[in-house]
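In my numbering, the protein residues as written are 340 to 486.
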């Protein structure tokens, strides 16, 4: 995840011809990971656009700066990371299901698949700062059990 801007818009803003503004999502429609707040960057928010695709289209059309997943932006060479702002390489994923469905075949199959992935890549699943300081860990495993 990173703050992306169209190359031409950044060039125009650096020459003082345009103002950089931020395209935000309502509430926290996406996890920004370690990205700084818009206020910290000194950007004004002018647009409120939910959804990754609409925000990508807005940045492509030079409407402003937006937080976008890096893998989405790779296919657009004119979109670049906002200089001086690091990208965030983690985020959260939540799985919500009804209590009555936790023993359903689909939910059990999903948890089994996620557990297998965790065994293959244990360090990729736990990205908390505490576990990286202590040499890794698998605190996610307890969240993957089905009772």
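Positions of the beta carbon are idealized from the N, C-alpha and C atoms, including for glycine.
Segment limits, beta strand (DSSP E) that includes residue i
i, result
"residue 459", "Premise fails: residue 459 lies in the alpha helix (DSSP H), 444–459, not in any beta strand (DSSP E)."
Neighbourhood of residue i by C-beta distance below 8 Å, restricted to the same chain and skipping five residues each side
i, result
"residue 424", "341, 342, 374, 375, 380"
"residue 368", "Its pLDDT being 49, under 50, residue 368 is placed unreliably by the model, and the measurement read from it follows with that caveat. Only 389, 390 meet the Cβ criterion."
"residue 347", "401, 417"
According to DSSP, residues forming a beta bridge with residue i
i, result
"residue 383", "360"
"residue 419", "344"
"residue 404", "361"
Own chain, CB closer than 7 Å to residue i, minus 5 neighbours either side, in chain order
i, result
"residue 385", "360, 403"
"residue 351", "357"
"residue 481", "Interpretation of residue 481 is limited by its pLDDT of 38, a score under 50 that renders its predicted location unreliable; no figure is taken from the coordinates."
"residue 411", "391, 395"
Proximal residues to residue i (C-beta, below 6 Å), its chain only, five neighbours per side dropped
i, result
"residue 452", "none"
"residue 364", "389"
"residue 393", "none"
Host alpha helix (DSSP H) of residue i (start-end)
i, result
"residue 393", "391–399"
"residue 412", "409–412"
CB of residue i within 8 Å of CB of residue j, strictly
i, j, result
"residue 398", "residue 345", "yes"
The segment 345–362 in contact with the segment 432–444 per 3-pair CB rule at 8 Å: Remark: fewer than three beta-carbon pairs, one from each stretch, lie closer than 8 Å, so the segment 345–362 and the segment 432–444 are not flagged as touching.
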